[in-house]
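Sequential numbering of the sequence shown, starting at -14, is according to the working numbering.
Glycine included, every Cβ here is placed at the ideal spot set by N, Cα and C.
What you are looking at is a predicted structure, and each value in this text was computed from that prediction instead of being measured.
Heads up, the thing below is written out as structure tokens.
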Amino acid sequence: MESVGTDEAPNMGEREFKSCDRDDVSHLSLDIGGSLIKMVYFSSGSSSPSDDQKHSYLKDGTNTSIGTSNHNGLRGKLHFLKFETSQIDECIKFISSKLLQNNGSLNPGGQDDKDLASEEIIIKATGGGAFKFADLFKEKLGIVLDKVDEMSCLVAGANFLLKAVNHEAFTYMDDQKDYVQINHKDLYPYLLVNVGSGVSMIKVDGDNNFERVSGTSVGGGTFWGLGRLLTKCQSFDELLELSRQGNNRVIDMLVGDIYGGTDYSKIGLTSTTIASSFGKAISANKELDDYRPEDVARSLLRMISNNIGQIAYLNALRFGLKRIFFGGFFIRGHAYTMDTLSVAVNFWSKGEAKALFLRHEGFLGALGAFMNYKKNGFTDITHQFMEQSCEIAQDLVCKDEDI
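Shown next, in the form of structure tokens:
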């Protein structure tokens, strides 16, 4: 379990969970995707963890929390966590540890998470895994997954972050990160591009007013799947790290390779523009083992990011949208990924549109599911955070020194 912007929970084996945050935990929600499980939960109590709380229960793990708010007696923090879907047992262990801490409840003192007739614990959940793993959660924890529509959750989560969190949106190009102040009255319409295992493109016209207008199967799952086959990497983060060290020009065919090192200026193509991803692998008398895994990873990341950026802009053009927000755990705050998406949008729009990114990019669905809780002051959580004008900060409250 790691902080926002990273990838996976390390394999714990039979490691016992230690408490990272011993405050009361309530209103836990899940977004169970094809590759990752994203979790959001609210903890009440002290806004600053004590030294005794700063323990790690996963090697190299951290727990990211944002914001402290006090509204109608509700005070605490939102925490954002993630696990690999292939290691769903680690997610179940974590929830079990919270149940033990709170005497079998995820909402001490309240009933919002329980069915009063059956006393079953209910968790809001979205994503395909909410259906696929419903029986597993029931069997292992006695928890009922209350399934919430995936697209609705993505939009609700994005709208909340863009309205309530200062410096949530930013641009990134040429190693330059610039935060963008969003005028709430001028937020809509916009295109939300959620890059998970696949890609969904959603035109958002307002709260609860949206339409999925496009998508592609070439997304994060494609990068991870092909990357694993081609490089033998064992984790998404390892594949990203390889891409940082690579040079895609070794494998990609550039315009300059075709035109003798010169630009094709008549149609606006520089010599460094990619003419064909992996194109040099066709003519070279080489096998896969003759290429560095770093270069393969770089070329693959460039190919997929370029494709997503181009499709995103074409959909923005189709609906006359100038603002494109990219979310989803494929991005992970990775500089080269963001730069590639930005360059693609800038190139195809001739500078008229910009790619924007979100600090909490991977948790839109989980946050949207969380906002479906109705009782105990959570109905208008956006207003709660905005009214308090709380300072949003990422507090890494778990450290790995004690493992």
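For T325 and Y249, the rounded distance between their alpha carbons: Between Y249 and T325, the C-alpha separation is close to 21 Å.
Residues bridged to L254 [DSSP beta-bridge criterion]: DSSP lists Y249 as the beta-bridge partner residues of L254.
Own chain partners of H319 with C-beta closer than 7 Å, once the 5 adjacent residues on each side are dropped: L225
Where I22 sits in the DSSP three-state scheme: Assignment of I22 by DSSP, reduced to helix, strand and coil, places it in the strand class.
Buried/exposed call for D190, threshold 16 Cβ in 10 Å: exposed
Reduced DSSP secondary structure (H/G/I, E/B, other) of S182: Coil.
Environment of I316 [buried if 16+ CB atoms lie within 10 Å]: buried
Bridge partner(s) assigned by DSSP for F311: V178 and F342
Reduced DSSP secondary structure (H/G/I, E/B, other) of G52: Note that G52 has pLDDT 45, beneath the 50 cutoff, so the model's placement of it is unreliable and no number is given.
CA nearest to the CA of K123, picked from N151, K62, Q161 and I77: Its Cα nearest to that of K123, the residue I77 stands out among N151, K62, Q161 and I77.
Rounded straight-line distance, which links the Cα of E75 to that of A329: 37 Å
N292 Cβ short of 7 Å to the ligand NAD heavy atom set: Looking for the ligand NAD in the displayed structure turns up nothing, as the structure carries no ligands at all.
Spatially closest choice to G389 from L146, G210, K125 and I73, by CA coordinates: Because the chain here runs from -14 to 388, residue 389 falls outside it and cannot be looked at.
Continuous alpha helix (DSSP H) assignments of at least 4 residues falling wholly in the region 183 to 241: Here the runs fully enclosed are 205 to 216 and 221 to 229.
Which of helix, strand or coil DSSP assigns to G350: helix
Sub-8 Å separation of N357 and R283 beta-carbons: no
One or two residues paired with F122 in a DSSP bridge: Answer by DSSP bridge pairing: none, since F122 is not bridged.
Coil, strand or helix - E69 by DSSP: strand
Minimum C-alpha distance to L285 - residue among T257, I296 and R229: R229
Between the CA atoms of E153 and H64 - distance to the nearest angstrom: 16 Å
Stretch pair the region 117 to 135 + the region 152 to 170: three plus CB contacts closer than 8 Å: no
Simplified DSSP state of M158, which is helix, strand or coil: strand
Spatial neighbours of A351 in its chain, beta-carbon cut-off 8 Å, leaving aside the 5 residues before and after: S14, L15, D16, K23, M24, V25, F65, T111, C138 and G142
Option in Q219, G61, T258 and E223 with minimal Cα separation from L239: T258
Distance between S20 and F208 (C-alpha atoms, nearest Å): Cα to Cα, F208 sits roughly 12 Å from S20.
Three CB pairs or more closer than 8 Å across the region 193 to 207 and the region 340 to 349: no
Inter-residue CB distance, I243 and A266 (contact presumed, cutoff 8 Å): 15 Å between Cβ atoms; not a contact.
Which residues DSSP lists as bridging V408, in chain order: Residue 408 is absent from the structure shown; the chain starts at -14 and stops at 388.
Burial state of E196, where buried means 16 or more other Cβ atoms lie within 10 Å: exposed
D16 - containing alpha helix (DSSP H), residue span: It is not in any alpha helix (DSSP H) - D16 instead sits in the beta strand (DSSP E) that spans V10 to I17.
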